[in-house]
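In the numbering used here, the protein residues as written are 608 to 978.
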């Protein structure tokens with residue numbers, strides 16, 4: 608009787624295919640919802656830091672700087688030059704940034720406008736078409752934003768009374784709520800900004816100099832500035848722009864987990880209750896309590912793992928569908944989240960198997976012979 612548990616568990620699960628399919632679909636839907644919601648949160652975080660993640664590991668702003676996306680920071684060019692002379696600094700890259708309300712087809716669209724010095728970094732990292740700006744009045748626009756409004760290479764844009772020409776379309780720059788656009792610093796300064804200043808400086812350390820150590824050196828050497836690692840700045844930006852959405856998302860994920868637990872529990876419980884005479888017969892034939900626990904546990908684990916596998920496939924397919932239909936929304940399903948959900952599904956199976964298993968252990972074997 609030692610190995611009888613698995614075949615019996617399989618036979619009982621497959622005895623009613625329609626009920627099994629409904630249970631699998633319900634578990635899969637709950638698992639897919641968990642993965643999609645967690646992937647949406649992760650995708651939001653990646654979009655918030657999509658620009659920072661591709662820049663040098665140290666950011667310098669005026670004193671009190673804590674984040675990149677909502678910080679007011681002005682650094683004189685003399686300070687920018689002084690940053691470049693701090694021991695351990697391999698390269699200091701000044702950039703300007705501001706939120707720009709662009710009018711596209713008579714509709715205002717907010718974008719994050721980055722001003723950088725061509726050839727020094729801080730600009731678009733991947734062009735889908737065209738080229739990077741070389742002179743004044745030239746603009747690189749996110750390709751998804753351009754596609755939404757029928758814009759192409761050579762299309763003009765009006766901003767602050769100036770005419771900007773699209774010379775390139777960038778890829779992977781949709782950002783979170785605000786797509787990215789790139790111009791030269793000369794262009795951005797000419798649009799009414801104070802000349803001779805920069806908003807931030809990205810710093811590349813010399814080989815062998817840890818970013819944390821360079822941050823401390825810059826803070827000691829230059830009063831009136833704040834240096835932070837890119838990791839710190841990215842965490843602060845995510846805290847400010849993603850965390851407000853986390854509460855509802857976490858609540859929805861918890862509900863999805865609860866639904867999966869209930870589906871597994873109800874399916875296993877109803878299957879156990881409906882086949883009580885079969886279990887009583889097995890007990891009358893000598894099947895012990897531990898074997899009964901293994902029997903119900905095998906059913907619950909099989910249901911949980913099969914539903915999880917189907918749910919993972921559904922989530923990946925849905926994420927790809929969203930990427931194709933609405934590419935500005937990023938759903939990033941990570942291997943870590945898949946592993947967490949799979950482990951949680953096993954935990955669900957153990958929890959779901961406890962109640963019916965306790966009922967089986969107390970079942971009277973004589974009930975198998977009563978009418």
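For each residue, glycine too, the CB sits at the ideal point set by N, CA and C.
Simplified DSSP state of residue i, which is helix, strand or coil
i, result
"residue 670", "coil"
"residue 699", "strand"
"residue 612", "Annotation note: pLDDT 44 at residue 612 (below 50); position unreliable, coordinate value reported separately. Looking at residue 612 - three-state DSSP - the assignment turns out to be helix."
"residue 813", "coil"
"residue 955", "helix"
"residue 708", "strand"
"residue 789", "strand"
"residue 852", "helix"
"residue 807", "strand"
"residue 742", "coil"
"residue 784", "coil"
"residue 662", "coil"
"residue 904", "helix"
"residue 799", "coil"
"residue 922", "helix"
"residue 876", "helix"
"residue 621", "helix"
Heavy atom of the ligand COA within 8 Å of residue i beta-carbon
i, result
"residue 776", "By its list of ligands, the structure shown contains no ligand whatsoever, and the ligand COA lies outside what it can speak to."
Start-to-end residues for the alpha helix (DSSP H) that takes in residue i
i, result
"residue 760", "Where residue 760 is concerned, there is no enclosing alpha helix (DSSP H), given that its DSSP letter is neither H nor E."
"residue 652", "624-655"
"residue 847", "837-848"
"residue 820", "818-828"
"residue 982", "Since the first residue of the chain shown is 608 and the last is 978, residue 982 is not available in this structure."
Residue i - partner residues in DSSP beta bridges
i, result
"residue 678", "DSSP lists no partner for residue 678."
"residue 771", "764"
"residue 749", "777"
"residue 834", "667"
Beta carbon proximity, residue i to chain C, threshold 9 Å
i, result
"residue 770", "No chain C appears in this structure, which consists of one protein chain only."
Boundaries (first-last residue) of the beta strand (DSSP E) holding residue i
i, result
"residue 728", "Counting along the chain, residue 728 falls outside any beta strand (DSSP E), and DSSP gives it neither H nor E."
"residue 718", "714-723"
"residue 734", "734-737"
"residue 937", "Counting along the chain, residue 937 falls outside any beta strand (DSSP E), and DSSP gives it neither H nor E."
"residue 795", "From DSSP, residue 795 is part of no beta strand (DSSP E) but of the alpha helix (DSSP H) over 792-796."
When you compare the segment 740-755 with the segment 678-697, are there three or more beta-carbon pairs, one atom per stretch, that lie closer than 8 Å? No, they do not touch.
Say whether the segment 678-697 touches the segment 845-857, bearing in mind that this needs 3 or more beta-carbon pairs closer than 8 Å, one atom from each stretch. Output reads no: the segment 845-857 does not touch the segment 678-697.
contact_flag[the segment 662-676, the segment 830-840] where n(CB pairs < 8 Å) is 3 or more: These segments touch.
Looking at C-beta atoms only, is the number of pairs between the segment 714-731 and the segment 862-871 that lie closer than 8 Å three or more? Verdict: no, contact absent.
Inspect the CB distances between the segment 759-767 and the segment 909-928 and report whether three or more fall short of 8 Å. Short answer: they don't touch.
Is the segment 947-960 close to the segment 656-665, with three or more CB pairs under 8 Å? The segment 947-960 is not in contact with the segment 656-665.
Does the segment 769-779 come within contact of the segment 723-735, defined as at least 3 CB pairs closer than 8 Å? Yes, the segment 769-779 is in contact with the segment 723-735.
The segment 700-708 touching the segment 802-820, judged by at least three CB pairs closer than 8 Å: Judged by Cβ distances under 8 Å, the segment 700-708 makes contact with the segment 802-820, as three or more pairs qualify.
Determine, using beta-carbon pairs with one atom in the segment 813-831 and one in the segment 646-660, whether at least three such pairs fall under 8 Å. Too few Cβ pairs lie closer than 8 Å, so no.
Using 8 Å as the cut-off, can you tell me whether the segment 634-648 makes contact with the segment 906-915, which would need three or more C-beta pairs spanning the two stretches below that distance? Enough Cβ pairs lie closer than 8 Å, so yes.
Between the segment 847-854 and the segment 621-631, do three or more beta carbon pairs fall short of 8 Å? Judged by Cβ distances under 8 Å, the segment 847-854 makes no contact with the segment 621-631, as fewer than three pairs qualify.
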